[in-house]
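A short worksheet on the structure shown next.
Residue numbers (the working numbering): 33 to 326.
Here's what the structure looks like:
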């Protein structure tokens, strides 16, 4: 048995599962202050025997193992969690290997291990909801670098019909500031799921997401791009994003992946469990590496 934690800004999902990806038991826990939240997390795992624990967390988070603040959540707008030593708290409680990464990196890894990207060697996972984040797996390895990708904060061209200021507290009109759920609500006065599918608001949203996906396709060249999160539950958005992507790419890349956009830009096969199963995949596939100290 393996443990999995998806630490989100509004809720946490904890679960235990098998090496085949089956979730045996899980629970949803509201994300409140760290002490209350982590107490509930520990209560869920009480009495469970697990071989390793995978954790996918909201960020930014320090993933540099040589850093004194490894595993700390850093400059999050969630004030109570800023500079929280997540890894240290988990390590003090669980006497097993712990694999920590971002929630979106975990979701990408989960889709490649158990979901809709098992037939490719690289994929992107982007969540579009309260915020926007993206993770990637290239040639079977999670993308890191000096930290971890923050693709939700890339700069995009403003749509000519968008007069909003953008809602990102750091950048204003970055991708998250213009295309997240709160950005849609600020621009149009209602939550995304309350907008009519024919509302021109969706053309603006598709434009921003397509810009981001074109940028990512040109930089990382993933063989599949998976879009999840609350906003992407509006299934009518996918055809608009694909068409906007096609127009913006303008035939520059020609290969079997990009030529078939209905199988290139897709919703997550694992649905709402992409993050949790991603954390489970991290525990299963990466736990031995952490245990060996590599």
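Virtual Cβ for every residue (Gly too), placed ideally from N, Cα, C.
Keep in mind the model is a prediction, meaning the values are calculated, not measured.
Residue i versus residue j - alpha carbon distance
| i | j | result |
| --- | --- | --- |
| residue 172 | residue 151 | 12 angstroms |
| residue 313 | residue 195 | 42 angstroms |
| residue 73 | residue 56 | 16 angstroms |
| residue 322 | residue 139 | Unreliable positioning characterises residue 322 in this predicted model, as indicated by a pLDDT of 47, which lies under 50. A coordinate reading is not provided. |
| residue 105 | residue 125 | 18 angstroms |
| residue 130 | residue 102 | 13 angstroms |
| residue 326 | residue 164 | The pLDDT assigned to residue 326 is 37, lower than 50, so where the model puts this residue is not dependable; a value taken from the coordinates is nonetheless given after this. If you take the alpha carbons of residue 326 and residue 164, they lie about 31 angstroms apart. |
| residue 116 | residue 123 | 13 angstroms |
| residue 281 | residue 272 | 14 angstroms |
| residue 205 | residue 278 | 23 angstroms |
| residue 46 | residue 86 | 10 angstroms |
| residue 158 | residue 209 | 15 angstroms |
| residue 316 | residue 149 | 17 angstroms |
| residue 324 | residue 283 | Because residue 324 carries a pLDDT of 41, less than 50, the predicted location of this residue cannot be relied on, and the following value inherits that uncertainty. Each residue's Cα considered, the two are about 46 angstroms apart. |
| residue 114 | residue 170 | 30 angstroms |
| residue 197 | residue 207 | 12 angstroms |
| residue 127 | residue 296 | 40 angstroms |
| residue 146 | residue 177 | 25 angstroms |
Beta-carbon proximity of residue i to residue j, cut-off 8 angstroms
| i | j | result |
| --- | --- | --- |
| residue 213 | residue 162 | yes |
| residue 135 | residue 63 | no |
| residue 44 | residue 69 | yes |
| residue 211 | residue 260 | no |
| residue 233 | residue 227 | yes |
| residue 156 | residue 254 | yes |
| residue 78 | residue 319 | no |
| residue 107 | residue 92 | yes |
| residue 302 | residue 58 | no |
| residue 248 | residue 183 | yes |
| residue 250 | residue 168 | no |
| residue 218 | residue 188 | no |
Contact belief for residue i with residue j at Cβ below 8 angstroms, rounded distance in angstroms
| i | j | result |
| --- | --- | --- |
| residue 241 | residue 298 | Their Cβ separation, rounded to whole angstroms, is 13 angstroms, which puts residue 241 and residue 298 out of contact at 8 angstroms. |
| residue 193 | residue 236 | 6 angstroms |
| residue 54 | residue 112 | Between residue 112 and residue 54 the Cβ distance is about 34 angstroms, and since that is not below 8 angstroms, they are no contact. |
| residue 300 | residue 143 | 6 angstroms |
| residue 224 | residue 37 | 27 angstroms between Cβ atoms; not a contact. |
Residue of the options minimising C-alpha distance to residue i
| i | options | result |
| --- | --- | --- |
| residue 267 | 238, 287, 248 and 146 | 238 |
| residue 201 | 191, 185 and 245 | 185 |
| residue 154 | 175, 317 and 164 | 175 |
| residue 229 | 189, 115, 270 and 278 | 270 |
| residue 60 | 67, 39, 51 and 178 | 39 |
| residue 33 | 50, 46, 287 and 41 | 50 |
| residue 190 | 243, 316 and 280 | 243 |
| residue 290 | 310, 245 and 42 | 245 |
| residue 203 | 109, 252 and 286 | 109 |
| residue 264 | 304, 100, 209 and 127 | 304 |
| residue 121 | 148, 170, 141 and 67 | 67 |
| residue 35 | 42, 100, 98 and 132 | 132 |
| residue 97 | 179, 293 and 258 | 179 |
For residue i, the residue or residues it bridges with in DSSP
| i | result |
| --- | --- |
| residue 38 | 45 and 88 |
| residue 260 | 159 |
| residue 255 | DSSP, once it has assigned bridges, lists no residue as partnering residue 255. |
| residue 152 | Residue 152 is not bridged to any residue. |
| residue 104 | 117 |
| residue 174 | 169 |
| residue 59 | 46 |
Test: residue i CB closer than 8 angstroms to a CB of chain C
| i | result |
| --- | --- |
| residue 168 | Reference to chain C is not applicable here, since this structure consists of a single protein chain. |
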